[in-house]
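Trainee: Let me give you the structure first, and then I'll get to my questions.
Number of protein chains: 2
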Amino acid sequence: MGYERSTIDGERSNRTVALAAEFGRMITSGDLLSGDALPTEKEIQSHHGVSRTVVREAIRHLAAKGLVSVGPKVGTKVRPRIAWNMLDADVMAWHLTAPVRRPFIEALYEMRLINEPNAARLAARRIDEAQSERLRRALGGMRDYPRGSAELIAADLDFHRIVLEATGNPLLVSLGSLIERSLSVSFSLSWRQNPQDETVRQHDRVMQAILSGDGDAAELFMRRLIESAFDDVIHALYANGEEETRSGGAPDARKIAEPRPSGAA
Amino acid sequence: MGYERSTIDGERSNRTVALAAEFGRMITSGDLLSGDALPTEKEIQSHHGVSRTVVREAIRHLAAKGLVSVGPKVGTKVRPRIAWNMLDADVMAWHLTAPVRRPFIEALYEMRLINEPNAARLAARRIDEAQSERLRRALGGMRDYPRGSAELIAADLDFHRIVLEATGNPLLVSLGSLIERSLSVSFSLSWRQNPQDETVRQHDRVMQAILSGDGDAAELFMRRLIESAFDDVIHALYANGEEETRSGGAPDARKIAEPRPSGAA
DNA sequence: CATCCGCAATGGTCGTACCATTGCGCCGGA
DNA sequence: TCCGGCGCAATGGTACGACCATTGCGGATG
Numbered sequence: 009m010g011y012e013r014s015t016i017d018g019e020r021s022n023r024t025v026a027l028a029a030e031f032g033r034m035i036t037s038g039d040l041l042s043g044d045a046l047p048t049e050k051e052i053q054s055h056h057g058v059s060r061t062v063v064r065e066a067i068r069h070l071a072a073k074g075l076v077s078v079g080p081k082v083g084t085k086v087r088p089r090i091a092w093n094m095l096d097a098d099v100m101a102w103h104l105t106a107p108v109r110r111p112f113i114e115a116l117y118e119m120r121l122i123n124e125p126n127a128a129r130l131a132a133r134r135i136d137e138a139q140s141e142r143l144r145r146a147l148g149g150m151r152d153y154p155r156g157s158a159e160l161i162a163a164d165l166d167f168h169r170i171v172l173e174a175t176g177n178p179l180l181v182s183l184g185s186l187i188e189r190s191l192s193v194s195f196s197l198s199w200r201q202n203p204q205d206e207t208v209r210q211h212d213r214v215m216q217a218i219l220s221g222d223g224d225a226a227e228l229f230m231r232r233l234i235e236s237a238f239d240d241v242i243h244a245l246y247a248n249g250e251e252e253t254r255s256g257g258a259p260d261a262r263k264i265a266e267p268r269p270s271g272a273a
Numbered sequence: 009m010g011y012e013r014s015t016i017d018g019e020r021s022n023r024t025v026a027l028a029a030e031f032g033r034m035i036t037s038g039d040l041l042s043g044d045a046l047p048t049e050k051e052i053q054s055h056h057g058v059s060r061t062v063v064r065e066a067i068r069h070l071a072a073k074g075l076v077s078v079g080p081k082v083g084t085k086v087r088p089r090i091a092w093n094m095l096d097a098d099v100m101a102w103h104l105t106a107p108v109r110r111p112f113i114e115a116l117y118e119m120r121l122i123n124e125p126n127a128a129r130l131a132a133r134r135i136d137e138a139q140s141e142r143l144r145r146a147l148g149g150m151r152d153y154p155r156g157s158a159e160l161i162a163a164d165l166d167f168h169r170i171v172l173e174a175t176g177n178p179l180l181v182s183l184g185s186l187i188e189r190s191l192s193v194s195f196s197l198s199w200r201q202n203p204q205d206e207t208v209r210q211h212d213r214v215m216q217a218i219l220s221g222d223g224d225a226a227e228l229f230m231r232r233l234i235e236s237a238f239d240d241v242i243h244a245l246y247a248n249g250e251e252e253t254r255s256g257g258a259p260d261a262r263k264i265a266e267p268r269p270s271g272a273a
């Protein structure tokens, strides 16, 4: 609470955002490759029936995220994938709604696996009383709300967000928006193969460790928690057998899926 | 090579970007607090002598980064700090050029300390031949170029970027832009209190570990490397005694300034 | 054949006009 | 007096049309 909705774009849906999302998805999904030129502003205007204002603001939106570069005479061109700001909520959302998203989801969970256990460790040292209380309430929500309900999802999300906030590091807090997306994917795939009890228990262990100031335990339990979620998602992706629509990179996507063969740190 | 410049905004300097940067800095530096309203578009137009197009595109730029939200009748308002996308190169740059930046720099290095050692571990398992060669060349550059030269800075930056690229994780690659900013801060403060030889040796140890596939060593050495850089920056910040220019929050800025009472990890 | 210059394409900026949404106050009824 | 609905007006959203600035490219020139 005391927090604004963070919708897919931080503002209401209007033509500018819709147009930006359309091109954003085209770019992230690979329909437009690095160096490819977008249509000229004039062409986009006539094709989409919008004014140049909308076109320009939409392109500015994309440029702000590093997806395109613009310049007189050269037009609007797609920047190399490496220059994109993947750590942007919109860019991430566009990736996650693309037809081929498995590698991206795996990368996302790998990122969580690196950051959230460490965040839990820091949170154990720095969490304050108000945050502790919010954490307890979030866990209570996870325990009480029915499986798959919107409240449960919100509670789960809150839990992770509060841990990140408790680190006091604004950069880690910003990761919250990424986790939000990844959770929404988990839910859309099939929520938690694991029994809800087990999931709650895992969260509870993390919370107890943080509240008692045990950084090592917090890190360990958070790692296990995310690994479980990771396994769920990977399992669901393979089970559903979705997205073979790409060239043929399905098999070696598995390579990325294994972040650490033996235990850890 | 094979890479576009990633300037401060990904595009050339124009009035839109300049205006966005002006408000961006005002917001990140705390001159405008959460909930505060920016001037209306009309006021900004007359005050800055620019057209409404420029104003709107600039605000769109800020909205894309989560700094503001806009709406009819309500105007443009600053969003809570927690909603900002700190993991954006522009937002980060604005923070780093703000009068009070010490806490942010410390958060940035803490973030590096979490991610880069893990990235080094992953790189040790996944780096390919081309990346290995680029890594060797970057290290050579760090050894050969004179202290403080632009080439040295570029080589240092390349080194870290290549390690992140070698993870194959696009999200980690995006962290490269953050590291770019943090390095530029290091340089602006006073480059590497440490002797250059020692710095090169640290990088060399990381590289050897990665090239030999020793993930544990790569992680360890990368951690030490970043801790050294962290110490340098902290030391320089305290030595320079900069940024007491704020209202009166100078003393308790120290509280945030101590991310790790005793050693760590 | 090399160099320079000018054209034209394309984004950059500007100004105006009108539409859409919504906060807020006015007005009428209970 | 209090409450609720309704309309005004402020503000952003969209749309045109014009002109400026930059730059790729090809033709003119030595």
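Line by line, the protein sequences give chains A and B.
Residue 273, in my numbering, is where the first sequence stops; the numbers in between run on with no holes.
Residue 273, in my numbering, is where the second sequence stops; the numbers in between run on with no holes.
Note that beta-carbon positions come from the ideal geometry of N, C-alpha and C, so glycine has one too.
(1) So for B:I81, helix, strand or coil by DSSP?
(2) What residue range does the alpha helix (DSSP H) around B:A138 cover?
(3) Taking all protein chains shown into account, do 16 or more other C-beta atoms lie within 10 angstroms of the C-beta of A:P125, making it buried, or fewer, making it exposed?
(4) Apart from the five residues on each side of it in sequence, which residues of its chain come closer than 7 Å, Cβ to Cβ, to A:V214?
(5) So the alpha helix (DSSP H) B:V58 belongs to, where does it begin and stop?
(6) Identify the residues that DSSP records as bridge partners of B:V76: which are they?
(7) Looking only at DSSP bridge pairs, what is A:A66 linked to?
(8) Please report how far the alpha carbon of A:T48 lies from the alpha carbon of A:T84, in whole angstroms.
(9) With DSSP run on the structure shown, which of helix, strand or coil describes B:A106?
(10) Rounded to whole angstroms, how far is the Cβ of B:E65 from the Cβ of A:E51, which I believe are closer than 8 Å?
(11) For A:N22, count neighbouring C-beta atoms within 10 Å of its own C-beta (all shown protein chains included) and say buried if the count is 16 or more, exposed if not.
(12) Any contact of the region 155-163 of chain A with the region 108-126 of chain A, i.e. 3+ C-beta pairs under 8 Å?
(13) If distances are taken between C-alpha atoms only, which option among B:D44, B:G38 and B:D96 comes closest to B:V181?
(14) What is the residue span of the alpha helix (DSSP H) that B:R209 lies within?
(15) Tell me the residue span of the alpha helix (DSSP H) that contains A:D164.
(16) Is it the case that the Cβ atoms of B:I113 and B:L75 are separated by a distance below 7 Å?
(17) Quick check: what's the CA-CA separation for A:L41 versus A:R145?
(18) Hey, is A:A72's beta-carbon within less than 7 Å of any beta-carbon in chain B?
(19) Less than 7 Å between the C-beta atoms of A:A28 and A:H69, yes or no?
(20) If you measure between the beta carbons of B:A131 and B:T175, is that distance less than 7 Å?
(21) Verify the CB distance criterion: does A:V208 have a CB-CB separation below 7 Å to chain B?
(22) Looking only at DSSP bridge pairs, what is A:V45 linked to?
(23) Residues of chain B with CB under 7 Å from A:D96, in chain order?
(24) In angstroms with no decimal places, state the Cα-to-Cα distance between A:Q53 and B:A72.
(25) Please report the residue range of the alpha helix (DSSP H) in which A:R23 lies.
(26) What does the alpha-carbon distance come out to for the pair B:D152 and A:R209?
(27) With H, G and I counted as helix, E and B as strand and the rest as coil, what does DSSP make of A:L40?
(28) Considering only residues of the same chain and omitting the five flanking positions on each side of B:G184, which have a CB-CB separation below 6 Å?
(29) Quick one: residues in its chain with C-beta nearer than 7 Å to the C-beta of B:S140, no 5 flanking neighbours on either side, listed in chain order?
(30) Compute the Euclidean distance between the alpha carbons of A:R120 and A:L165, then round it to the nearest angstrom.
(31) Under 7 Å between beta-carbons, which chain B residues line up against A:H69? List them in chain order, please.
(32) Interface residues of chain A around B:T36 at Cβ under 9 Å?
(33) With a threshold of 7 Å on Cβ separation, who are the neighbours of A:G43 within its own chain once the five nearest residues in sequence on each side are excluded?
(34) By Cβ distance, which residues of its chain are closer than 6 Å to B:D117, with the 5 residues on each side in sequence left out?
(35) Return the residues of the region 126-137 of chain B that lie within a Cβ-Cβ distance of less than 9 Å from chain A, sorted by chain order.
Mentor: Quick look at the numbers:
(1) Going by the sequence as given, residue 81 of chain B is Lys instead of Ile. It is coil, neither helix nor strand.
(2) For B:A138, the enclosing alpha helix (DSSP H) covers residues E137 to D152.
(3) By the 16-neighbour rule on beta-carbons within 10 angstroms, A:P125 is buried.
(4) The beta carbon of A:V214 is closer than 7 Å to those of A128, A226, F229, M230 and L233 in its chain, skipping five residues each way along the sequence.
(5) Where B:V58 is concerned, there is no enclosing alpha helix (DSSP H), given that its DSSP letter is neither H nor E.
(6) Paired residues: B:V86.
(7) None; A:A66 has no bridge partner.
(8) If I take the Cα positions, the gap works out to 7 Å.
(9) Per DSSP, reduced to three states, the secondary structure at B:A106 is coil, with no helix or strand assignment.
(10) 20 Å between Cβ atoms; not a contact.
(11) Its Cβ having fewer than 16 others within 10 Å, A:N22 is exposed.
(12) Result no; under three Cβ-Cβ pairs closer than 8 Å.
(13) In this structure, B:D96 is the residue among B:D44, B:G38 and B:D96 with its C-alpha nearest to the C-alpha of B:V181.
(14) Where B:R209 is concerned, the enclosing alpha helix (DSSP H) stretches over Q204 to L219.
(15) Run containing A:D164: A158 to A174, per the alpha helix (DSSP H) assignment.
(16) No, the pair does not count as a contact, with Cβ atoms beyond the cut-off.
(17) A:L41 and A:R145: Cα-Cα distance of roughly 46 Å.
(18) Yes, because at least one Cβ of chain B sits closer than 7 Å to the Cβ of A:A72.
(19) Cβ distance < 7 Å, so A:A28 and A:H69 count as in contact.
(20) Yes, these two residues count as a Cβ contact at 7 Å.
(21) A:V208 has a beta carbon lying at 7 Å or more from every beta carbon in chain B.
(22) Note that residue 45 of chain A corresponds to Ala in the displayed sequence, not to Val. Answer is A:K85.
(23) Under the 7 Å cutoff, chain B gives N93 and D96.
(24) Going by the C-alpha atoms only, they are around 22 Å apart.
(25) Segment R23 to T36, the alpha helix (DSSP H) holding A:R23.
(26) Between B:D152 and A:R209, the C-alpha separation is close to 55 Å.
(27) Note: A:L40 maps to coil in three-state DSSP.
(28) For B:G184, same chain residues with a beta-carbon under 6 Å away, outside a window of 5 residues either side, are R169 and L172 in chain order.
(29) Only L219 meet the Cβ criterion.
(30) Rounded to whole angstroms, A:R120 and A:L165 show a C-alpha spacing of 13 Å.
(31) Those within 7 Å of A:H69 in chain B are R68 and A72.
(32) Correct list: empty, because the minimum Cβ distance to chain A is about 10 Å.
(33) Closer than 7 Å at the Cβ level, and outside the excluded window around A:G43, lie K85 and V86.
(34) The sequence given here places Tyr at residue 117 of chain B; Asp does not occur at that position. These residues qualify, in order along the chain: F238.
(35) Of all residues in the region 126-137 of chain B, those with a C-beta nearer than 9 Å to a C-beta of chain A are N126, A127, R129, L130, R133 and R134, reading in chain order.
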